[in-house]
């Protein structure tokens, strides 16, 4: 599969939360391209052209679908990295699929049938993030919707072959109003029930919904390494990390993004733990 998620070879999805200017995007992309040889399954560049599920009406959302995709295409041209971006509406899927290699379904939208089916019909890889309220086995329905639409559109489902066109992502579960809790049993449970690769989102899992300034999300980025290393020990197929050179001044999700200058150290540690857990 040209646009699948690797099995048996740890991969990394990383990049800034939202598409910014060319200088920032390329700075992050070039850093990721240099790190890619360290990751067995390579690195996929992630950034969102629109953050449609912000807490506040005035929150930064990004440049929009057409400008955002053009910017992402320039990242690919400069770095050679594969691309993934969020889609929020069914009619964005075909447009985004014309540029990126993978489509990502945000956690809040993981049960939106029309969106899942539109993403699947493109034939691109689809990563569905687990809703913060969902139990692991509940994600099987989302996977089945994507798979059904792929098949109906004439795109083959390879079964147990590697790589897989569909993946699911663990990103923590709501606990009260202030924190997310990660249950690492979800890795094995989602893989067994849904039968697709499982990714761990190490940055949104440290998010603190509603605890940031003005009711926006806060975050505790100092806990990212602990959770990522635990996920690698639990046997995830991939890791998702949002990263930024200056998270404190990022337009979106700065409190839970990993500083770019800390990424290489964490990448080396997570690969070592993942390989040791498989020995």
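Residue numbers (the working numbering): 2 to 280. Even for Gly, the Cβ is constructed at its ideal location relative to N, Cα and C. Keep in mind it's a predicted model, so treat the numbers as computed, not measured.
_Span separating the alpha-carbon of residue 93 from that of residue 86_ = For this step, residue 93 is matched to residue 92 along the chain shown. For this step, residue 86 is matched to residue 85 along the chain shown. Going from the Cα of residue 93 to the Cα of residue 86 covers about 11 angstroms.
*Check the DSSP bridge columns for residue 260 and list the partner residues they point to.*
For the purposes of this step, residue 260 is taken as the residue at position 259 of the chain shown. In DSSP, residue 260 forms a bridge with 245.
*If you check the beta carbons only, do residue 19 and residue 254 fall under 9 angstroms apart?*
Against the chain shown, residue 19 aligns to sequence position 18. Against the chain shown, residue 254 aligns to sequence position 253. Yes, they are a contact pair.
*Flag this pair as touching only if the region 110-124 and the region 148-159 have three or more C-beta atom pairs under 8 angstroms; answer yes or no.*
yes
*Could you tell me if residue 12 is buried or exposed, where buried requires 16 or more neighbouring beta carbons within 10 angstroms of its beta carbon?*
By 1-based counting over the chain shown, the position of residue 12 is 11. Buried, by the Cβ-count rule.
*Straight-line Cα distance separating residue 105 from residue 155*: Within the chain shown, the letter at position 154 stands for residue 155. Within the chain shown, the letter at position 104 stands for residue 105. Near 20 angstroms, if we compare the C-alpha coordinates of residue 105 and residue 155.
_Per-residue DSSP class, three states only, for residue 269_ = For the purposes of this step, residue 269 is identified with residue 268 of the chain shown, where counting begins at 1. If DSSP states are grouped into helix, strand and coil, residue 269 belongs with the helices.
*Could you name the residues of the same chain whose beta carbon sits closer than 8 angstroms to that of residue 82, not counting the 5 residues immediately before and after it, in chain order?*
Indexing the chain shown from 1 puts residue 82 at position 81. Cβ neighbours of residue 82 beyond the five flanking positions: 30, 33, 34, 37, 44, 45, 46, 76.
*Cα-Cα, which of 201, 207, 168 is closest to residue 5?*
Looking up residue 5 in the chain shown gives position 4. It is 168 whose Cα lies nearest to the Cα of residue 5.
*Look at the Cβ atom of residue 137, then the Cβ atom of residue 62, and state whether they are nearer than 9 angstroms.*
Residue mapping note: residue 137 aligns to position 136 of the chain shown, counting from 1. Residue mapping note: residue 62 aligns to position 61 of the chain shown, counting from 1. Against a cut-off of 9 angstroms, the Cβ pair of residue 62 and residue 137 comes out as no contact.
*Compute the beta-carbon to beta-carbon distance between residue 26 and residue 109, rounded to the nearest angstrom, for a pair I have assumed lies under 8 angstroms.*
As a first step, residue 26 is located in the chain shown; it is residue number 25 there, counting from the start. As a first step, residue 109 is located in the chain shown; it is residue number 108 there, counting from the start. Their Cβ separation, rounded to whole angstroms, is 25 angstroms, which puts residue 26 and residue 109 out of contact at 8 angstroms.
*Skipping 5 residues on each side, what residues in its chain have a beta carbon closer than 8 angstroms to that of residue 115?*
To locate residue 115, count along the chain shown from 1; it is residue 114. Counting only Cβ-Cβ distances below 8 angstroms, and skipping sequence neighbours, we find 91.
*Who are the near neighbours of residue 283 in its chain, counting only those whose CB is closer than 8 angstroms to its CB and skipping five residues on each side?*
Because residue 283 is not part of the residues shown, which for the chain are 2 to 280, the question remains open.
*Tell me whether residue 258 counts as near the ligand GTP, meaning its Cβ is closer than 8 angstroms to at least one heavy atom of that ligand.*
With respect to small molecules bound, the structure shown includes none, and the ligand GTP cannot be examined in it.
*Take residue 2 and list the residues in its own chain whose beta-carbon comes closer than 7 angstroms to its own, dropping the five residues that flank it on each side.*
Counted from its first residue, the chain shown places residue 2 at position 1. For residue 2, the predicted structure reports a pLDDT of 38, less than 50, and the residue's modelled location is therefore unreliable. A value from the coordinates is still provided. Counting only Cβ-Cβ distances below 7 angstroms, and skipping sequence neighbours, we find 159, 164, 166.
*Can residue 100 and residue 84 be called in contact, C-beta distance under 9 angstroms?*
If you number the chain shown from 1, residue 100 lands on position 99. If you number the chain shown from 1, residue 84 lands on position 83. It is a contact, given that the beta carbons lie within the stated cut-off.
*Give me the Cβ distance between residue 179 and residue 209, rounded to the nearest whole Å; I'm assuming they're in contact under 8 angstroms.*
Numbered from its first residue, the chain shown carries residue 179 at position 178. Numbered from its first residue, the chain shown carries residue 209 at position 208. Indeed they touch by this definition, with Cβ atoms about 6 angstroms apart.
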